[in-house]
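Here is the structure we will look at, set down as structure tokens.
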Amino acid sequence: MSGADRAAAGHPRTAHTTHTAHSSRGALHAGAWWLWALGLATAASRTTNPLLLGLLVGVAGYVVAARRTDAPWARSYGAFLKLGLLVLAIRLCFAVLLGSPIPGTHVLVTLPEIPLPDWAQGVRIGGRVTAEGLVFALYDGLKLATLLVCVGAANALANPARLLKSLPGALYEAGVAVVVAMTFAPNLVSDVQRLRAARRLRGRPDRGVRALLQVGLPVLEGALERSVALAAAMDARGYGRTAQVPPAVARATAALTLGGLLGVCAGTYGLLAAQGAGFGLPVLLAGLAAALGGLWLGGRRSVRSRYRPDRWDARAWLVAGSGVAVAGLMIWAASYAPQALDPPAVPLTSPVLPLWPAASVLVGLVPAFVAPAPDRAPSQAPSQAPSRAPAPVAAVPRPTSQKTSEDTGKEATR
0 MSGADRAAAG
10 HPRTAHTTHT
20 AHSSRGALHA
30 GAWWLWALGL
40 ATAASRTTNP
50 LLLGLLVGVA
60 GYVVAARRTD
70 APWARSYGAF
80 LKLGLLVLAI
90 RLCFAVLLGS
100 PIPGTHVLVT
110 LPEIPLPDWA
120 QGVRIGGRVT
130 AEGLVFALYD
140 GLKLATLLVC
150 VGAANALANP
160 ARLLKSLPGA
170 LYEAGVAVVV
180 AMTFAPNLVS
190 DVQRLRAARR
200 LRGRPDRGVR
210 ALLQVGLPVL
220 EGALERSVAL
230 AAAMDARGYG
240 RTAQVPPAVA
250 RATAALTLGG
260 LLGVCAGTYG
270 LLAAQGAGFG
280 LPVLLAGLAA
290 ALGGLWLGGR
300 RSVRSRYRPD
310 RWDARAWLVA
320 GSGVAVAGLM
330 IWAASYAPQA
340 LDPPAVPLTS
350 PVLPLWPAAS
360 VLVGLVPAFV
370 APAPDRAPSQ
380 APSQAPSRAP
390 APVAAVPRPT
400 SQKTSEDTGK
410 EATR
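This is the structure in structure tokens:
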């Protein structure tokens, strides 16, 4: 039977290999997902309108639901949603307990105020809680929560190993550390879910402090085994070995990289700040050019090679371009509709949904239609499911007290 026949017949190893190769060739470039998510995050940083922020969260959630795979890192989106809600709750609690710098006239409740010494002027604990202060804290917390959700969408959609594969050679060692840190928590959650399911199958409780303590040791053991296997694999692949470069090239690399990163930070601040939009774009472009030059020179120290590097195809351009378009349109909208993007908390007014900024946010839905659909697991594919169960074979009992010559010959052969 050939390899294709075994895959069609549902052979587990061949089918899994074929599925993995197919998904590796048809998956979208991981950098495109990150550019799309960073574009949505940039748009979220330009507004405090809760309707626009909710629309950004809805766009990110729809794309994740439509294009998320079954990989462990794809389950991190729910954790980022919970983290965003936690940040919002903490921001509101701080506004209630520590007060708000926004003056307000609509007093909701007056808490007992704790007197503080003179050196702590400007800080209070307790006192009046106004509606204007809570609304301001709600807008501010929603912005931060939306940023976390956009980053969570990138973590759920982009394969960290494929992203590491596409990094420049100068960032490879730092990228390995980031990828290991990003994949540790999803693998830990998968181990906990697997062990809890095994305990349920054995009729043992999987909830409570006692069950948590009994699950903790196998989870820790699995994490240590993965770390040892990762260290052995990295050592076998020559991780950390670098080529010799002239000192002048090393100094030029450090200067270009550091100067480029500073330029990128200054340009990004200029674009995000309301007063620095004039110099932000030129400084950002100059910083990007210097940083790319430094990364290209730094890549000469790397001795690694890429096997079948990921291609940046037309779909990657569309996905990344949609995120950049959302960011650019939102930055442009801040120049002609600042009141709509930043509704005031004083006086209290109901936020309105501006038409054109909302339409620009909907451009972020492009990946849900142009990105490749996630592949199903081999066990869930309908083509590999057997049409009918095999008929059971009746077992014929044989006498165990005597052995025939045929049985003796078989045992000798084994």
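Residue numbers (numbering that gives the first Met the number 0): 0 to 413.
Glycine residues also receive a C-beta, built at the ideal position from the N, C-alpha and C atoms.
Just so we're clear, the structure is a prediction, and the values are computed from it rather than from any experiment.
If you measure between the beta carbons of Arg199 and Ala136, is that distance less than 7 Å?
Start at 1 with the first residue of the sequence shown, and residue 199 comes out as number 200. Start at 1 with the first residue of the sequence shown, and residue 136 comes out as number 137. Cβ distance not < 7 Å, so Arg199 and Ala136 don't count as in contact.
Could you give the C-beta distance for Leu115 and Val122, rounded to a whole number, given that I count them as a contact under 8 Å?
The residue you call residue 115 lines up with position 116 of the sequence shown. The residue you call residue 122 lines up with position 123 of the sequence shown. Right, their Cβ atoms sit about 6 Å apart.
So Gly322 and Gly286 are supposed to be a Cβ contact under 8 Å. How far apart are they, rounded?
One-based indexing of the sequence shown puts residue 322 at position 323. One-based indexing of the sequence shown puts residue 286 at position 287. Actually they do not touch by this definition, with Cβ atoms about 20 Å apart.
Can you find at least 3 beta carbon pairs, one from the segment 349 to 358 and one from the segment 143 to 151, that sit closer than 8 Å?
no
First through last residue of the alpha helix (DSSP H) which encompasses Ile330
Indexing the sequence shown from 1 puts residue 330 at position 331. Residues 313 to 335.
Looking only at C-alpha atoms, which of Val218, Ala370, Trp331 sits nearest to Thr192?
For the purposes of this step, residue 192 is taken as the residue at position 193 of the sequence shown. With the sequence shown as reference, residue 192 is identified as Gln, and Thr is not the correct amino acid for it. Among Val218, Ala370, Trp331, the Cα nearest to that of Gln192 is on Val218.
If Ala94 and Leu347 are in contact, beta carbons under 8 Å, what's the gap, nearest whole angstrom?
Along the sequence shown, read from residue 1 onward, the residue named residue 94 stands at position 95. Along the sequence shown, read from residue 1 onward, the residue named residue 347 stands at position 348. Wrong, their Cβ atoms sit about 15 Å apart, outside the cutoff.
Mind checking whether Leu270 and Ala290 have CB atoms under 7 Å apart?
On the sequence shown, residue 270 is found 271 positions in, with the first residue counted as 1. On the sequence shown, residue 290 is found 291 positions in, with the first residue counted as 1. No.
Would you say Val58 faces chain B, with C-beta separation under 7 Å as the test?
Looking at the structure shown, chain B is missing, and only one protein chain is on hand.
Enumerate in chain order the residues of its own chain whose CB-to-CB distance from Ala65 is below 7 Å, with the five nearest sequence positions on each side excluded.
Position 66 of the sequence shown, counted from the start, is the residue given in the question as residue 65. For Ala65, where only same-chain residues beyond five positions count, the Cβ hits under 7 Å are Ala367.
For Asn154, the three-state DSSP class (helix, strand or coil):
Position 155 of the sequence shown, counted from the first residue, corresponds to residue 154. Of the three classes helix, strand and coil, the one that applies to Asn154 here is helix, per DSSP.
One question on the structure: do Leu27 and Pro371 come within less than 7 Å of each other, judged by their Cβ atoms?
One-based indexing of the sequence shown puts residue 27 at position 28. One-based indexing of the sequence shown puts residue 371 at position 372. Result yes, Cβ atoms of Leu27 and Pro371 sit closer than 7 Å.
First through last residue of the alpha helix (DSSP H) which encompasses Thr41
Residue numbering aside, residue 41 sits at position 42 when the sequence shown is read from its first letter. Residues 29 to 44.
List the whole-angstrom C-beta distance separating Ala251 from Leu296, where the pair is believed to meet the contact cut-off of C-beta under 8 Å.
Here the question's residue 251 lines up with position 252 in the sequence shown. Here the question's residue 296 lines up with position 297 in the sequence shown. Contact flag correct, Cβ pair sits at about 6 Å.
Just the Cα atoms here: how many angstroms apart are Ser22 and Leu34?
Taking the sequence shown and counting its residues from 1, the one referred to as residue 22 is at position 23. Taking the sequence shown and counting its residues from 1, the one referred to as residue 34 is at position 35. Note on Ser22: pLDDT 45, under 50, position unreliable in the model; no value is reported.
Less than 7 Å between the beta carbons of Gly38 and Ala326, yes or no?
Within the sequence shown, numbered from 1, the residue matching residue 38 stands at position 39. Within the sequence shown, numbered from 1, the residue matching residue 326 stands at position 327. Their beta carbons are under 7 Å apart, which means Gly38 touches Ala326 by this criterion.
If we count the other Cβ atoms within 10 Å of its Cβ and call it buried at 16 or more, is Ser334 buried or exposed?
As a working note, residue 334 is residue 335 in the sequence shown. Ser334 should be labelled exposed.
DSSP on Ile113, reduced to helix/strand/coil?
As a first step, residue 113 is located in the sequence shown; it is residue number 114 there, counting from the start. Correct three-state label for Ile113: strand.
Determine the closest residue to Thr436 out of Pro373, Leu51, Leu211, Val345, with distance taken between C-alpha atoms.
An answer regarding residue 436 cannot be provided, because it is not within the stretch 0 to 413 covered by the chain.
Backbone secondary structure at Thr433 - three-state DSSP:
Any property of residue 433 remains undetermined from this structure, which presents the chain solely from 0 to 413.
Sort Ala339, Leu361, Pro373 by Cα distance to Pro49 and report the nearest one.
As a first step, residue 49 must be located in the sequence shown, where it is residue number 50. When only C-alpha atoms are compared, the closest one is Ala339.
Could you round the C-beta distance between Thr416 and Asp139 to whole angstroms and report it? I think they count as a contact, below 8 Å.
Any answer about residue 416 is impossible in this case: the structure gives the chain only from 0 up to 413.
Quick check on DSSP: helix, strand or coil for Leu122?
Counting from one through the sequence shown, the residue named residue 122 turns up at place 123. With the sequence shown as reference, residue 122 is identified as Val, and Leu is not the correct amino acid for it. Here Val122 sits in coil by DSSP.
Quick check on Thr41: buried or exposed, where buried means 16 or more other Cβ atoms within 10 Å of its Cβ?
Start at 1 with the first residue of the sequence shown, and residue 41 comes out as number 42. Flag for Thr41 reads buried.
Suppose you measure from the CA of Leu223 to the CA of Phe79; what does that come to, to the nearest Å?
Numbered from its first residue, the sequence shown carries residue 223 at position 224. Numbered from its first residue, the sequence shown carries residue 79 at position 80. Approximately 26 Å between the Cα atoms of the pair.
For Arg195, which residues from the same chain have a beta carbon less than 7 Å from its beta carbon, with the 5 sequence-adjacent residues on both sides left out?
Reading the sequence shown from its first residue, position 196 is the one you call residue 195. Cβ within range, chain order: Asp205, Val214.
In chain order, which continuous runs of the alpha helix (DSSP H) of length 4 or greater are located wholly inside the segment 202 to 285?
208 to 235, 246 to 271
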